[in-house]
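Undergrad: What the sequence shown shows, in the numbering used here, is residues 26 to 545, in sequence order.
Just so it is clear, CB atoms sit at the ideal spot from N, CA and C, and this is done for glycine as well.
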Amino acid sequence: MGSTSINMILKKHMFNHHRNQKLGLVLLLSVFLLLVNVFHIHHPILSTPLVEIHGFRQTQTAVVSKNYHKNGIDLFEAEINSYGIGKERKILLEMPIYQAFVSTLYKVFGEYTSVGRVLSLLSHLLGVFALYKILSIISKNDDFSFLTAIAYLFLPLNLIYSKAFLGDTMAISLALFGMLMLLLSFNTKNNHILSIISLLCITSSILIKPFYAPILAIPLSYYCLQTKKIKNLLKVFSVFGLAIVILFAWQTYSEQYNEVHGHSWFSLKNPSYRYWTFGDVQMRLSLDEWIHRLRLVFFVWANPLVYLVMLILLGCGLFTYIKSFLKSQFSKFILIWIITGVLYWIVIFKMLNHSYYALPLTPIISIIIAHSLTFFADAIKSKTTFSHRSIQVSIALSYCFAMSFFYLKLSGISPYGYDQYTIANKIRQNTEKDSNVLLLSKNANWSSVIPFYSERKTLSLSEDYKSHYDYPLFERDRPHYQYFAILDPENMPQLDIEESGSLIHQSDLLKLYEFDRNKL
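In structure tokens:
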């Protein structure tokens, strides 16, 4: 089937004339969200440093992108600047697809962190579009699909991570778009192009974040059983199965790569790494642990008003969903999606300490909120003479502006992150370009904020640096370190290493020394 047939599919399923108004409003609000982020009061995406939520992870991603731009793109290698200058600086934590995209865009727009932020935001908008079309196909209810897309577009967790320098938003958006392509392929005879696009998207998503795309396979399989299309079910198994096989091949390669470069700890064969990743049963039985994660996911902003709004939306949404459960097959599809989300939560429980791992749950949460918005629209309709469409649009816009208001009041820069950013700038200003710096602090931190913004390779050791497990790396490469920095010097003891250098900068946050080669 050629390009003409693809155009026919797009016109029929994705750009139907009767759906253009709803889709147009979704796109208009997407542009509004883009402008909100560009002109944000506290952290506009075009100028704010990457020291907001999970700044250590954002800058680590940015370091890989920067090194790709400098040295060339190779998806089977990645180099960060916070493990010193030896082979240990190379480590693979995910396939760096997002970083490769950013590096490619650097060649066009220049090396600015805003490029990565805008890429994440555009990825989010792709996910909004995909979710809208998915629900439109399955529910055959454009009004509900519209409200879900708006809820997803402005969901608090999505607002925060949609402009982060991370591959997570791209991963979940690729997964949703891959799901959409599969759905479209179900109703298209003798067309494998959409299945191939789906495979590419889902495989890319799984390689960026292994747990994001698989959460969609179970509800999609259930939809195939609902429609009694075994052929489509086999297609779902084939696409997700092949993607997971590729993931296992990648996992094997990356673990071997890490072992060769001195990072054997980052392996699922290592019990400590498995615990660090998944936790244990006792953790899952702790009420405090559950409350902690629920707050991270649903109430990511520490604002009582947001707590109240989200509780009302989720409470009314669940009530409306349960009330309508027996009235449609779509409700049963949603139930399977919810159950899959709960299983996802339980499996990766410990990783939810990093709230971006909750992003695969945001489509489900948005569906619940859409039920709530529908409930309010119906309640208003019963008491007014306004048209149902105008009430729906008004409800959607009210939700958008409320979430935008909360978002505009949020200052995402943490004091700790800003201190590291300040330290990094001082190191860059007081050291030679392409030099290497040893960092000493109360607790060693492999955060990439300082190496990224100082533009130096660093190795971080703790206060008792001689007993730190990375100390042999420093001993091995000691002649190649030109400087060492003591962070938060007022709370650090006098270190014998200070006798090996000459003080060149001192402040409340930093004491910076240049190594005296005669004393090494």
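1) Inspect the beta-carbon positions of residue 60 and residue 142 and report whether they are closer than 9 Å.
2) Label residue 109 either buried or exposed according to how many other C-beta atoms from any shown protein chain fall within 10 Å of its C-beta, with 16 as the threshold for buried.
3) Roughly how many angstroms lie between the CA atoms of residue 5 and residue 450, to the nearest whole one?
4) State the Cα-Cα distance for the pair residue 154 and residue 281, rounded to the nearest angstrom.
5) According to DSSP, is residue 526 part of a helix, a strand, or is it coil?
6) Report the three-state DSSP secondary structure of residue 537 (helix, strand or coil).
7) Report the CB separation of residue 244 from residue 361 in whole angstroms; it is logged as a contact under 8 Å.
8) Touch check for the stretch 46–57 and the stretch 160–174: three-plus C-beta pairs under 8 Å?
9) Could you tell me which residues DSSP pairs with residue 314 in its beta bridges?
10) Going by DSSP in three states, residue 531 sits in which element: helix, strand or coil?
11) Does the beta-carbon of residue 193 have 16 or more other beta-carbons within 10 angstroms, so that it is buried, or is it exposed?
12) Less than 7 Å between C-beta atoms, sequence neighbours within five positions excluded: which residues of the same chain meet that for residue 498?
13) Quick one: residues in its chain with C-beta nearer than 7 Å to the C-beta of residue 529, no 5 flanking neighbours on either side, listed in chain order?
14) Hey, residue 100 and residue 121: beta-carbon distance below 9 Å or not?
15) Quick one: using the 10 Å Cβ neighbour count with 16 as the cut-off for buried, is residue 300 buried or exposed?
16) Taking C-beta to C-beta, are residue 182 and residue 383 nearer than 9 Å?
17) Provide the residue(s) that pair with residue 367 in DSSP beta bridges, ordered along the chain.
18) Sorted by chain position, which residues of the same chain lie with C-beta nearer than 7 Å to residue 247's C-beta, five sequence neighbours on each side aside?
19) Starting from residue 133, follow the alpha helix (DSSP H) in both directions and report where the run begins and ends.
20) Whole-angstrom Cβ separation of residue 187 and residue 149, contact assumed at under 8 Å?
21) Short of 8 Å in beta carbon distance, which residues of its chain neighbour residue 295, apart from the five on each side in sequence? Order them along the chain.
22) Buried or exposed: residue 414, going by 16 or more other Cβ atoms within 10 Å of its Cβ?
23) In whole angstroms, what is the alpha-carbon distance linking residue 506 and residue 287?
24) State yes or no: is the C-beta of residue 54 within less than 9 Å of the C-beta of residue 395?
25) Under a three-way DSSP split, which group does residue 116 fall into?
26) Express the C-alpha separation of residue 95 and residue 160 in angstroms, rounding to a whole number.
27) Quick one: residues in its chain with C-beta nearer than 6 Å to the C-beta of residue 400, no 5 flanking neighbours on either side, listed in chain order?
28) Report, in whole angstroms, the separation of the C-beta atoms of residue 406 and residue 416, which I expect to be a contact under 8 Å.
29) Which residue marks the beginning of the alpha helix (DSSP H) containing residue 209, and which one marks its end?
30) Exposed or buried, residue 185, counting other C-beta atoms within 10 Å across all chains shown (16 or more means buried)?
31) Can you tell me the Cα-Cα spacing of residue 284 and residue 363, whole angstroms?
32) Would you decide whether residue 492 is buried or exposed? Buried here means 16 or more other CB atoms lie within 10 Å of its CB.
33) Checking 9 Å against the spacing of the C-beta atoms, do residue 4 and residue 230 come in under that value?
34) Per the contact definition of three or more C-beta pairs closer than 8 Å, is the stretch 332–339 in contact with the stretch 254–271?
35) Quick check on DSSP: helix, strand or coil for residue 243?
36) What would DSSP say about residue 359, mapped onto helix, strand or coil?
TA: From the atom records:
1) no
2) buried
3) As displayed, the chain neither begins before 26 nor continues past 545, which places residue 5 out of reach and without an answer.
4) 38 Å
5) strand
6) strand
7) 5 Å
8) yes
9) According to DSSP, which records beta bridges pairwise, residue 314 is partnered with nothing at all.
10) strand
11) buried
12) 109, 111, 113 and 484
13) 455, 537, 538 and 539
14) yes
15) exposed
16) yes
17) Looking at the DSSP assignment, residue 367 forms no beta bridge with any residue, so it has no partner.
18) 358 and 361
19) 122–134
20) 4 Å
21) 289
22) exposed
23) 19 Å
24) no
25) coil
26) 42 Å
27) 341 and 345
28) 5 Å
29) 193–211
30) buried
31) 38 Å
32) exposed
33) Absent from the structure is residue 4, since the part of the chain shown begins at 26 and ends at 545.
34) no
35) helix
36) helix
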